[in-house]
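Plus 219 on top of the position in the sequence shown (first one is 1) and you've got my numbering. For every residue, glycine included, the Cβ atom is placed at its ideal position computed from N, Cα and C. From a predicted model like this one, the values you see are computed outputs, not experimental measurements. Right, one structure below, let's go through it.
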Amino acid sequence: MMSFILLMPVEDKKCWQAIVTENKIKTKLKAGGRVFGTWSMLASPSVMNAIGHAGLDFVIIDMEHGPMSFETAESQIYATESSGCTPIIRLGEGNELTILHALEIGVKALLVSHVSTAQEALRIVQATKYFPEGNRGLSPFTRNHGYSDIELAPKLRYANDQLFVGILVEGEEGIRNLEEIAQVPGLDLIYLGLYDISQAVGIPGELTHPKVLKLVKECVKLIEAHRRVAGSIAWDKNYLQFLFESGFRFISYRVDCAILRDGFDTARHWYEELLKGQR
């Protein structure tokens, strides 16, 4: 004789709050603070976990240039969050389906590339938000909602509130349209491509040129004036200091694979020096 057990949902009105967790970097930035992290090109949950244990605020999973699938990225998200760090997914395009796939695996922060107009930025924001703030597709049976439709309405409101939406402004057109872009409602972060800024002033690649540094500071001032956060990447200690002093509150330091390679390259150099000393 076959028997069946019917599992009934637990009507706990507080259970969703343990599932839809606080977005730590958004809370920190809204309070006027700063966040510091890195980029990840390595499709490894273990690497993400190790980075988190180093005390960084965030890791950007680069799904534009890296080899990650959404399945791999989901494992990376778990690994990053378990170490107290916030994972961010970087997407190479801002179409609704790609954005939805990223959000449904549980990430609470997105960074979308190749944005050059306010209209593009608005479409991205709307694709990330549930009604009435946007048009994001809805399924309650995902990680974001604890795989349940219990207490769905408050979960949706909280998800909208906690989501951190960033864009990469790339190209001269994006720099020209920066003020309009910064006024898009629901946008949290404007990540600046420093090479694009150098191109906009006619000296491509010269990131430390006085004209480039001046425009960078002007861009940050404009972004902050519209209550958005300015972000960019630092390649060394000196540029990290420049970004910090220029008012950037979202700073990423290099890329995990480059840091790993350079670390072993340095160790190999030490070893070769020892070998030379034996001759």
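Just to confirm, is the Cβ distance from residue i to residue j under 8 Å?
i      : j      : result
Asp276 : Cys304 : yes
Gly311 : Ser332 : yes
Tyr490 : Gly450 : no
Val431 : Val388 : no
Leu330 : Arg309 : yes
Arg468 : Val448 : yes
Asp407 : Val435 : no
Ile452 : Phe463 : no
Glu293 : Ile324 : yes
Ala337 : Gln402 : yes
Tell me whether residue i is buried or exposed, calling it buried when 16 or more other Cβ atoms sit within 10 Å of its Cβ.
i      : result
Pro286 : exposed
Ile224 : Its pLDDT being 44, under 50, Ile224 is placed unreliably in this model, and the value from its coordinates should be taken loosely. Exposed, by the Cβ-count rule.
Arg480 : exposed
Met221 : In this prediction, Met221 has a pLDDT of 49, which is less than 50 and means its spatial position is unreliable; nothing more can be read from the coordinates.
Glu492 : exposed
Ala340 : buried
Arg342 : buried
Gly482 : exposed
Leu357 : exposed
What first and last residue would you give for the alpha helix (DSSP H) that runs through residue i?
i      : result
Gly252 : Looking at the DSSP string, Gly252 is not in any alpha helix (DSSP H), and its letter there is neither H nor E.
Val306 : First, the amino acid is wrong: residue 306 is Pro here, not Val. Pro306 -> not in any alpha helix (DSSP H); beta strand (DSSP E) instead, spanning 305-310.
Ala401 : 397-401
Ile452 : Element bounds for Ile452: not the alpha helix (DSSP H) but the beta strand (DSSP E), 448-453.
Val435 : 429-444
Thr291 : 289-300
Glu241 : Glu241 -> no alpha helix (DSSP H), and no H or E assigned at all.
Of all the options the options, which has the alpha carbon lying nearest to the alpha carbon of residue i?
i      : options                        : result
Gln418 : Gly390, Ala340, Ser301         : Gly390
Met260 : His445, Leu494, Ser288         : Ser288
Thr291 : Val344, Ile279, Pro264, Val388 : Pro264
Asn268 : Lys247, Phe383, Ser294, Ala298 : Ala298
Ile279 : Gly252, Cys476, Ile442, Gln497 : Cys476
Gln460 : Phe255, Gly251, Asn242, Lys249 : Phe255
Cys438 : Asp415, Ala346, Gly325, Ala321 : Asp415
The beta strand (DSSP E) spanning residue i covers which residue range?
i      : result
Asp281 : 277-281
Arg473 : 469-474
Ser465 : Counting along the chain, Ser465 falls outside any beta strand (DSSP E), though it belongs to the alpha helix (DSSP H) covering 456-465.
Ala328 : 328-334
Does the beta carbon of residue i sit closer than 8 Å to a beta carbon anywhere in chain C?
i      : result
Ile409 : Structure shown: chain C not included; a single protein chain is present.
With a floor of 3 residues, list each beta strand (DSSP E) that falls wholly inside the region 348-426, ordered by position along the chain. List check, beta strand (DSSP E) in window: 383-388, 408-411.
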